[in-house]
């Protein structure tokens, strides 16, 4: 299951990440994905792949977010936002990504510790996978990263996704790219996001 998870991310992101990032991820496709042992991308297009993890105290803070069972899928999405924000707060100082700025800087002479949408999509999907495997996410399943834009109609962008387990299996994006490290991500309907949605258009 863990190998399939990494391979799915490689296939979903390879078209936009480029060959260097694809080769890097393939080198690590057998990596374990556990709360105390997982990899994250940074440097734009997963130029750098670092192994990290959460200690017991950090993980317990994330578990505590889900201490009270959500009443419905919308309530669970609110908890997911909190948990992803905590993941970033804990992982940031360990990987140098705590200084990550919101969005992507057009002029940035040092992107080593910055993250573009490809990095964010990979990392958020990893965090969602860990939460789902731990049984903390119950009303959503993990989806494949979603892509929008083609340089002509709008700037290309990528994001992690989830699907509701009930009803019409509604798809939502979990997009951390819009905000600085540690700020909870935006979770909105995938159809809305695909139309070019951004927080400043709310």
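Residue numbers (the numbering used here): 2 to 203.
Glycine included, every Cβ here is placed at the ideal spot set by N, Cα and C.
Predicted model, so just to flag it, every value in this text is computed and none were measured.
- Scanning 141, 129, 64, 93 for the CA closest to the CA of residue 170 turns up 141.
- Out of 167, 119, 135, 86, the CA that lies nearest to the CA of residue 187 is found in 86.
- Spatial neighbours of residue 74 in its own chain (CB-CB distance under 6 Å, excluding positions within 5 residues in sequence) are listed in chain order as 140, 165.
- Residue 116 holds the alpha-carbon nearest to the alpha-carbon of residue 47 among 198, 81, 116.
- Secondary structure note for residue 55: it is in no alpha helix (DSSP H), with a DSSP letter that is neither H nor E.
- Rounded to whole angstroms, residue 51 and residue 42 show a C-alpha spacing of 7 Å.
- Secondary-structure assignment with DSSP links residue 193 through no beta bridge to anything.
- Inside the region 134 to 179, DSSP marks whole beta strand (DSSP E) runs of 3 or more residues at positions 141 to 149, 158 to 165, 172 to 176, from first to last along the chain.
- Shown here for residue 88: same chain residues with a beta carbon closer than 6 Å to its own, the five before and five after excluded, namely 128 in chain order.
- Excluding its 5 nearest sequence neighbours in each direction, residue 60 has C-beta neighbours in its own chain below 8 Å: 36, 37, listed in chain order.
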